[in-house]
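Trainee: My questions all concern the structure below.
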Amino acid sequence: MHGIESRKKTYVEAVVDIDPDGRQRPLAIYWGDGRCFVVDRVLESRRAASMKVGGHGIRYTVEICGRTKHLWHSDDGRWYVEEIVPGNAGAL
């Protein structure tokens, strides 16, 4: 089946700017293998639940390398993404 992707929750290290009012703005994320991805811009932030991998917190809709992605700041203080699991599309 095309268009169905399996995903997993992957925790990442985030570089975040915090303004004097306590608002957070993610600047970059570090993948587990050391790669760094700069957040070009934050398009939106709002409280939401992740229906794909479970969990809830603040969902940041960000642009990284010209692509729109979601970055989550969970209620337990950790940052994660919904990583696509390669080669597992449509698996049951």
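End of the sequence shown = 113 in our numbering, gap-free, step of one.
For glycine and all other residues, C-beta sits at the position ideal for the given N, C-alpha and C.
How should L113 be labelled, buried or exposed, when 16 other C-beta atoms within 10 angstroms of its C-beta is the threshold for buried?
Mentor: Reliability fails at L113, whose pLDDT of 45 lies under 50, so the model's placement of it is uncertain and the value that follows must be treated cautiously. Exposed.
Trainee: Relative to the C-alpha of V74, which candidate in C57, R68, W93 has its C-alpha closest?
Mentor: W93
Trainee: For V63, which of H77, E103, I50, V106 has the nearest alpha-carbon?
Mentor: I50
Trainee: Can you check the region 27-99 for any alpha helix (DSSP H) of at least 4 residues that lies completely inside it and give the ranges in chain order?
Mentor: none
Trainee: Between Y32 and Y101, is the Cβ-Cβ spacing less than 8 Å?
Mentor: yes
Trainee: When the Cα of K90 is compared with those of D97, S66, G98, P107, which residue comes out closest?
Mentor: S66
Trainee: CB V115 to CB V83, shorter than 8 Å?
Mentor: Residue 115 lies beyond the stretch modelled for the chain, which goes from 22 to 113, so this question has no answer here.
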